[in-house]
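Residue numbers are given in this note's numbering: position 140 of the sequence shown equals residue 140, and the series is strictly consecutive.
Every residue, glycine too, gets a C-beta built ideally from N, C-alpha and C.
Owing to the predicted nature of the structure, the values given are computational and were not obtained by experimental measurement.
Worksheet: one structure, shown below.
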Amino acid sequence: MINKTDKNQYFFEVNLKRTVGRKGKLTAKDVSTAIEIATAPVFRGGVPDTWTPEHLFLGALSGGYLTTYLAIAEKRNLVVNNISCGTIGQINLYDNHLEFTTINLYPKVYIESDADIALANEILLSAYMHSITANSVKALLINHGEVVVEKEVVS
């Protein structure tokens with residue numbers, strides 16, 4: 001077990017074990033389900049129809065943005081009917097290695113009232129600035145946030 005030494009310090013731990021070929025199983029002690037991952041099909045030896053490290057990386061950015069937005073919205077008393085976040089990452093050869101160079105986030109927030117548009121947009125920016133995963137990457141992150149007024153609540 002890793003011990004906290006500071007009140008603003010958090011540890012997250014995962015374990016990856018090879019299963020067969022270029023596949024592995026990702027687990028965490030505090031999560032009951034595992035994720036099968038493999039080399040992306042665009043690379044030699046890649047496996048189709050399986051989550052890849054690249055998918056998980058982009059998913060971490062989308063998930064970090066979504067959960068940060070919802071936490072701030074709750075704190076600011078904004079009713080969010082629904083939220084989605086598409087993410088597209090571009091990999092390029094840079095300094096003789098491949099890396100994500102640009103990542104586009106497309107968060108779309110559905111709110112109930114026109115009166116909340118300004119607050120919803122303010123939270124779009126705040127979530128972008130406070131997302132732990134977004135703050136932890138060196139690639140250029142471009143936020144294409146959109147707020148939509150929608151009367152129906154999705155839970």
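Label residue i either buried or exposed according to how many other C-beta atoms from any shown protein chain fall within 10 Å of its C-beta, with 16 as the threshold for buried.
i: ASP116; result: buried
i: VAL31; result: exposed
i: TYR69; result: buried
i: VAL42; result: exposed
i: THR87; result: buried
i: VAL147; result: buried
i: ILE123; result: buried
In the DSSP assignment, the alpha helix (DSSP H) including residue i goes from what residue to what residue?
i: PRO53; result: 53-75
Considering only their Cβ atoms, is the gap separating residue j from residue i smaller than 9 angstroms?
i: ALA118; j: VAL109; result: no
i: HIS144; j: PRO107; result: yes
i: ILE83; j: SER126; result: no
i: GLY21; j: GLU36; result: no
i: THR5; j: ASN15; result: no
Name the residue from the options whose alpha carbon lies nearest to the alpha carbon of residue i.
i: ILE103; options: ASP6, ALA60, ILE111, ASN82; result: ALA60
i: VAL79; options: ASP114, VAL47, ASP95; result: ASP114
i: LEU105; options: LYS4, ASN77, GLU112, MET129; result: MET129
i: LEU173; options: ILE123, GLN90, SER131, ALA127; result: Because the chain is modelled from 1 through 155, residue 173 falls outside the range shown and cannot be assessed.
i: GLU112; options: GLU146, ASN81, ALA71; result: ASN81
i: SER136; options: LYS7, GLY64, VAL147; result: GLY64
i: THR52; options: GLY45, LEU58, ALA38, SER62; result: ALA38
i: LEU58; options: LEU93, THR5, THR101; result: THR101
Taking the beta strand (DSSP E) that residue i belongs to, which residues open and close that run?
i: TYR128; result: It is not in any beta strand (DSSP E) - TYR128 instead sits in the alpha helix (DSSP H) that spans 117-130.
i: PHE100; result: 97-111
i: THR87; result: 80-94
i: THR19; result: 15-20
i: ASN143; result: 140-143
i: VAL147; result: 146-149
Is any heavy atom of the ligand FMN found at a distance shorter than 8 angstroms from the C-beta of residue i?
i: SER113; result: By its list of ligands, the structure shown contains no ligand whatsoever, and the ligand FMN lies outside what it can speak to.
Just verifying my parser: in three-state terms, what is the DSSP assignment at residue i?
i: ALA40; result: coil
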